[in-house]
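Enquirer: For what it's worth, the UniProt record's numbering labels the leading residue of the sequence shown as 1, then goes sequentially.
Take this structure, written in structure tokens, and hold onto it; I'll ask about it next.
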Amino acid sequence: MSNEEVVLTREGLAKLEAELEELKVVGRRELAARIKLAISYGDLKENSEYHSAKDDQAHMETRIQILEKMITKARVVDADSLSASAVQIGSTAVLHDKEFDERVEYQIVGPAEADVLENRISYESPLGKELIGKAVGDIVSVTAPMGTIQYEVLEIRI
């Protein structure tokens, strides 16, 4: 992970903090119990349960380190400072997809919070980059594998 700041919404920071707490308290306890049980099976060289639990422990500890670094480097976007006059990190852009003639909406977030299934896109994504700073009525074009897609900004919500 780089030394750059991690842009998060308050909600995103809270999710990371909750995940970190869950891993440190519950995850570590559960893995310790798995390792203890696996050790009781005897010979550790041939003990697949032990090796599996140790691998899981290594992955979990790596995730804990990543979360701690992200939280330490977090810059929280303050919703009170947002304006509905232009799309910004933290705001939700309601768009008209001209190709499919449908209404879509995306919340603009930092890369750590991006989740397309929840309509949360990174400000670093092609669409996110185009939307930042746009106002209601503006048209944005995004190049995608299937061609150029145009969106009209219908509404900006905070």
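Quick reminder that beta carbons are idealized off the backbone N, C-alpha and C, glycines included.
Please read these numbers as outputs of a predicted model, since none were measured by experiment.
1. Below 8 Å CB to CB, which residues in the same chain sit around H59 once its five sequence neighbours on both sides are set aside?
2. Specify, as a first and last residue, the run of the alpha helix (DSSP H) that I71 falls within.
3. I need the straight-line Cα distance from M1 to A38, nearest angstrom please.
4. Could you give the residue range of the alpha helix (DSSP H) that holds G12?
5. According to DSSP, is M1 part of a helix, a strand, or is it coil?
6. Which residues does DSSP pair with Y106 in a beta bridge?
7. To the nearest angstrom, how far is it from the Cα of A112 to the Cα of T62?
8. Using only CA atoms, which one of L31, L16 and P126 lies nearest to E49?
9. Are L20 and I71 touching if we call contact CB-CB under 9 Å?
10. Tell me whether the beta-carbon of V153 lies closer than 9 Å to the beta-carbon of V136.
11. Can you tell me the Cα-Cα spacing of R103 and R34, whole angstroms?
12. How big is the Cα-Cα spacing for E155 and L95?
Expert: Short version:
1. Counted from its first residue, the sequence shown places residue 59 at position 59. Same-chain partners within the cutoff: there are none.
2. Sequence index remark: in the sequence shown, residue 71 carries index 71 (1-based). Run containing I71: S48 to T72, per the alpha helix (DSSP H) assignment.
3. Translated into the one-based positions of the sequence shown, residue 1 becomes position 1. Translated into the one-based positions of the sequence shown, residue 38 becomes position 38. Summary for M1: the model assigns pLDDT 49, below 50, so the residue's position carries little reliability; its value from the coordinates is reported in the next sentence. Counting only the Cα atoms, A38 lies some 33 Å from M1.
4. Start at 1 with the first residue of the sequence shown, and residue 12 comes out as number 12. That run of the alpha helix (DSSP H) goes R10 to E22.
5. Residue numbering aside, residue 1 sits at position 1 when the sequence shown is read from its first letter. With a pLDDT of 49 at M1, under the threshold of 50, the modelled position of that residue is not reliable, and the figure given next carries that caveat. In the three-state scheme derived from DSSP, where H, G and I count as helix and E and B as strand, M1 is classed as coil.
6. Within the sequence shown, residue 106 is the residue found at index 106, counting from 1. Paired residues: A93.
7. Residue mapping note: residue 112 aligns to position 112 of the sequence shown, counting from 1. Residue mapping note: residue 62 aligns to position 62 of the sequence shown, counting from 1. Cα to Cα, A112 sits roughly 16 Å from T62.
8. Here residue 49 is taken as the residue at index 49 of the sequence shown, counted from 1. Just measuring C-alpha positions, the residue of L31, L16 and P126 sitting nearest E49 is L31.
9. Residue numbering aside, residue 20 sits at position 20 when the sequence shown is read from its first letter. Residue numbering aside, residue 71 sits at position 71 when the sequence shown is read from its first letter. The answer is yes: Cβ separation under 9 Å.
10. Position 153 of the sequence shown, counting from 1, holds the residue named residue 153. Position 136 of the sequence shown, counting from 1, holds the residue named residue 136. Cβ distance < 9 Å, so V153 and V136 count as in contact.
11. As a position in the sequence shown, residue 103 is number 103, starting the count at 1. As a position in the sequence shown, residue 34 is number 34, starting the count at 1. Going by the C-alpha atoms only, they are around 49 Å apart.
12. Start at 1 with the first residue of the sequence shown, and residue 155 comes out as number 155. Start at 1 with the first residue of the sequence shown, and residue 95 comes out as number 95. Distance between the alpha carbons of E155 and L95: 7 Å.
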